[in-house]
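One structure below.
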Ligand code: GUN
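Residue numbers (the working numbering): 711 to 993.
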């Protein structure tokens, strides 16, 4: 193995310890940061995610409210719950777990969250703030990737960063964050021709597609930083990313593992966003 590992668990522990300290400082001023998590339906993966989010709140000393609703919940009912959280002064962040059942318009629900409590960073106001470089909540997964690059002391200025994937949650905001750090950014997607020809030019590759082996060793420039956002299962049912880790680790300079890479960082950045929100509202 030539690549150095970027350990998301270790970095998360460090960042969550900082969060816990800041939470205590805020509590001493009479404010406990609070996160509301709303889950609709019984998607097993979503159940695990929300449990981990609530546990992270407990671990860092934050207040959390978990509401679970049946998949039959109506859209108007959900919008009313969001509105109630918007008006609840003990809540500084609101997260509606996605995906939502098909009869609910997810975008409408996201837009109902007050931008001041949009700790997922999915509201159009948050997206616009990121796009224009104004202050606002950054989506947690790409923000976590930026923290990992910062942690290894990687200077993005003038580097070629290639993002594979163009989702609103990861690919697009990732590209904007890299651009803001003065990288030269290329966004690739399912319609990209000869992906390898592009990734081989990259100093940094972020793979966020949701498909195994999207990035293989022959597609990576020696020494490149490879960040794997994917969460997939291999044929044996084992958790794996979008990157062929065993192959790519022999070529890359840095690589994030799956599990233990970007995954824990996403929840950590949710804690950071919730705390930032509470600090902002307390000041
Ligand atoms: N579903 C998968 N990832 C996420 C996330 O980061 N936030 C929300 N709200 N739902 C998700």
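Quick reminder that beta carbons are idealized off the backbone N, C-alpha and C, glycines included.
Item, Value
"Straight-line Cα distance separating residue 780 from residue 910", "47 Å"
"Alpha-carbon to alpha-carbon, residue 786 and residue 892", "43 Å"
"Among 811, 806, 799, 764, the one whose alpha carbon lies nearest that of residue 784", "811"
"Collapsed DSSP secondary structure at residue 960 in the structure displayed", "coil"
"The beta strand (DSSP E) enclosing residue 774, as first and last residue numbers", "773-779"
"Buried/exposed call for residue 797, threshold 16 Cβ in 10 Å", "exposed"
"contact_flag[the segment 839-856, the segment 892-901] where n(CB pairs < 8 Å) is 3 or more", "no"
"The ligand GUN heavy atom lying under 7 Å from the CB of residue 828", "no"
"Three-state class that DSSP yields for residue 953 in the structure shown", "strand"
"Residue 741 (DSSP reduced to helix, strand or coil)", "coil"
"Where the alpha helix (DSSP H) containing residue 853 begins and where it ends", "850-861"
"Heavy atom of the ligand GUN within 7 Å of residue 776 beta-carbon", "no"
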